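Enquirer: Using the numbering used here, read the sequence shown as starting at 664 and increasing by one per residue. Even glycine gets a Cβ: it sits at the ideal position worked out from N, Cα and C. Small disclaimer: the values here were computed from a predicted structure and weren't measured. Structure provided below as structure tokens; questions to follow.
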Amino acid sequence: MISNLVTNHGNLFYFKEEKKLIVEIDEDFQRYYLNQIPKYLLPRKTKFKPHISVIRNETNIDLSNLNFKQVKYSYIPIINYDDVYFWISVFSLDLACIRMKVGLTPTKIGVTFSPNKNSSFRITIANKKY
664 MISNLVTNHG NLFYFKEEKK LIVEIDEDFQ RYYLNQIPKY LLPRKTKFKP HISVIRNETN
724 IDLSNLNFKQ VKYSYIPIIN YDDVYFWISV FSLDLACIRM KVGLTPTKIG VTFSPNKNSS
784 FRITIANKKY
């Protein structure tokens, strides 16, 4: 078991046109971790508000019934990074179950996984793109 795992709750939000389901994360969370990244690494705030991607253009099923549903997730409060992204690793049975209930795999590379593929989900804190 990971001793520094932090458990939190968040609300789901569904964007019908984009076929996207996310967990919205408080911007103070992102701001706190963004301020921890050394400036010489050139972190830039992300284009989008902080969130956990659950489903992104993978199904035509209307998921509006999941709007505002509270879900549980856990994260390791350590900033990971590669050449492009800075992120927090996230784990969630609630999110994996939602994906499976609509016929998807519990996670998906390029949608839910962290860039280093060490965690099922992620919260992107910053990047070097924008």
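What residues match up with Ser-752 in a beta bridge as DSSP calls it?
Expert: Arg-785.
Enquirer: Extract the residue ranges of the alpha helix (DSSP H) inside the stretch 668 to 741, only unbroken runs of 4 or more that lie entirely within it.
Expert: Counting only runs of 4 or more, we get 690 to 697.
Enquirer: Looking at C-alpha atoms only, which residue of Tyr-736, Ile-742, Lys-764 is the closest neighbour of Leu-704?
Expert: Considering only alpha carbons, the answer is Ile-742.
Enquirer: For Lys-683, which residues from the same chain have a beta carbon less than 6 Å from its beta carbon, with the 5 sequence-adjacent residues on both sides left out?
Expert: Excluding residues within five positions, the ones whose Cβ falls inside 6 Å are Arg-719.
Enquirer: Count the other CB atoms within 10 Å of the CB of His-672; is the residue buried (16 or more) or exposed (fewer)?
Expert: With fewer than 16 Cβ atoms within 10 Å of its Cβ, His-672 is classed as exposed.
Enquirer: What does the alpha-carbon distance come out to for the pair Leu-629 and Tyr-696?
Expert: Within the shown structure, residues of the chain are numbered from 664 to 793, placing residue 629 beyond reach of any answer.
Enquirer: Quick check: what's the CA-CA separation for Asn-667 versus Pro-740?
Expert: Looking at the two C-alpha atoms, the distance is approximately 7 Å.
Enquirer: By alpha-carbon positions, which one of Ile-715, Phe-711, Phe-784, Asn-723 ends up nearest to Glu-680?
Expert: For Glu-680, the nearest C-alpha among the options comes from Asn-723.
Enquirer: So, under 8 Å CB-CB, Val-686 and His-714 are touching, yes? Tell me the CB distance rounded to an integer number of Å.
Expert: The pair is a contact, with the Cβ atoms about 6 Å apart (cut-off 8 Å).
Enquirer: Strictly under 7 Å for the Cβ-Cβ distance: is Lys-682 near chain D by that measure?
Expert: Absence of chain D from the displayed structure is noted, only one protein chain being present.
Enquirer: Rounded to a whole number of angstroms, what is the C-alpha to C-alpha distance between Lys-735 and Tyr-748?
Expert: Answer to the nearest angstrom: the Cα atoms are 24 Å apart.
Enquirer: Can you have a look at Arg-762 and say buried or exposed, based on whether 16 or more other CB atoms are within 10 angstroms of its CB?
Expert: It is buried - the Cβ of Arg-762 has at least 16 other Cβ atoms within 10 Å.
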